[in-house]
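Worksheet for the structure shown next.
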Amino acid sequence: MDGTAGAGGAEVDGTRRPQLGHFRAAERVVAHLSDTHLLADGAPLYETVDTSARLAQAVERLIEHGGRLDAIVVTGDVADRGEEDAYLRVRAQLDPLGERFGCPIVWVMGNHDERRAFRRVLLDPSGADAASPGGRRAVDVSGAESAPVDQVVDLGGLRLIALDSAVPGFHHGALADAQLKWLADELATPAPLGTLLALHHPPLPTPLGAMTVLELRGMDRFEEVVRGTDVRAILGGHLHYPTAAMFAGVPVFVAGAISYTMDLGAPEHELSGIDGAQSVSLVHVHPETVATSFVPTRRAPIATRFGSDLLESLEALDEQGRIDLWSRMPEDS
1 MDGTAGAGGA EVDGTRRPQL GHFRAAERVV AHLSDTHLLA DGAPLYETVD
51 TSARLAQAVE RLIEHGGRLD AIVVTGDVAD RGEEDAYLRV RAQLDPLGER
101 FGCPIVWVMG NHDERRAFRR VLLDPSGADA ASPGGRRAVD VSGAESAPVD
151 QVVDLGGLRL IALDSAVPGF HHGALADAQL KWLADELATP APLGTLLALH
201 HPPLPTPLGA MTVLELRGMD RFEEVVRGTD VRAILGGHLH YPTAAMFAGV
251 PVFVAGAISY TMDLGAPEHE LSGIDGAQSV SLVHVHPETV ATSFVPTRRA
301 PIATRFGSDL LESLEALDEQ GRIDLWSRMP EDS
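The opening position of the sequence shown corresponds to residue 1 in the UniProt record's numbering, with each subsequent residue numbered one higher.
Written out as structure tokens, the structure is:
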């Protein structure tokens, strides 16, 4: 699953594709999911939301999209109450997706997760993931099963670092001094394609006032560690709606929740969760930049559609031919 851009084109999965625009082809593609909030026995969340069905919709959309995936990242609140059965249910739904795309699944701790059950069910006991090209390293600075669950995964030169920002017994987030020191040591050596950080509590502002109380604490120290390193983007969750901002000179991408989302159109100071507008994100790591795209998990009526033959036709033409076919407006328009 390599993608190496070259002059005027790119090599993707062994097939050379012409470069149609300014940016070269993505070298890595990551599916970013968050806040699945499954319960044991498949119980509905808040007696209303069928979270297993919502996750199934996300899986179906990713399969329908096809293409390449180099990793699937789930940025926390995997299980609403940290129950082992809930983690097993999530794995039963997502493991086949990882196998289908031949890519690792990277699980990130959230405030609703429980570290012992999270480790036992989601992490390979050997500390290595055979599906990851460079392997997976789980970091445990204290040796305790209840220690923060931090990991490093090598995606063929793109380093993915998962940070555990959970604070047991609380919903806000924080990174311990030992975690920040370890992170600084990791980032001291750049990775060939740079680094993605993934943590549940995103370091960005939110218009939801009550959610600011539950934000990541100690952002100043985190910023000192990240700024000036090879970190290219930070992936997060927690907010239950997709958003983005800049932090420490790099973009922060928050995935829309799988379970339920916050209604930002509700009265200004109200927190209203709705069973709708769920989405997953596709993170494309290009040589020049990193971009995220939000994919609704529920299908909607099609208003217009162009088949794959359009792209094939464009690729077969020179630049002027592409402009004439696809950009030029009809004279009678």
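C-beta atoms are modelled at their ideal positions from N, C-alpha and C, and glycine is treated no differently.
- Taking 3 residues as the minimum length, the beta strand (DSSP E) runs contained wholly in the region 149-209 are 150-155, 158-163, 195-199, in order along the chain.
- Under the DSSP assignment, F23 falls outside any beta strand (DSSP E); it carries neither an H nor an E label.
- Counted as a single uninterrupted DSSP element, the beta strand (DSSP E) harbouring H284 occupies residues 279-285.
- DSSP links M246 through a beta bridge to P251.
- In this structure, L239 lies away from T289, with their beta-carbon atoms at least 8 Å apart.
- The residues S34, D35, T75, G76, H200, A255, in chain order, have a CB closer than 6 Å to that of G237 in the same chain once the five nearest residues on each side in sequence are set aside.
- Rounded to whole angstroms, the gap between the alpha carbons of E60 and G209 is 34 Å.
- For the pair of segments examined, the region 257-277 was found not to touch the region 218-236: the number of CB pairs separated by less than 8 Å stays below three.
- In terms of Cβ geometry, R24 and H286 form a close pair [threshold 8 Å].
- Assignment of I302 by DSSP, reduced to helix, strand and coil, places it in the coil class.
- Classified as buried, H112 has 16 or more neighbouring CB atoms from the shown chains inside 10 Å of its CB.
- Our two residues, L197 and G66, have alpha carbons roughly 25 Å apart in a direct line.
- Here P301 is not near V252, since their CB atoms are 8 Å or more apart.
- In the same chain as A244, and ignoring 5 residues on each side of it, the C-beta atoms closer than 8 Å to its own belong to L204, P251, V252, F253, V254, T292, in chain order.
- Within a 10 Å sphere around the beta-carbon of R100 sit fewer than 16 other beta-carbons, which makes this residue exposed.
- Relative to the Cα of W107, the nearest Cα in the group Y260, A176, L235 belongs to L235.
- Annotation for R232: no alpha helix (DSSP H) segment contains it, though the beta strand (DSSP E) segment containing it runs 231-236.
- By the criterion of a C-beta distance shorter than 6 Å, T189 is surrounded by no residue of its chain, once the five residues flanking it on both sides are discounted.
- Annotation: V121 to E84 spans about 7 Å, alpha carbon to alpha carbon.
- In this structure, the beta-carbon distance from V90 to V73 does not fall below 8 Å.
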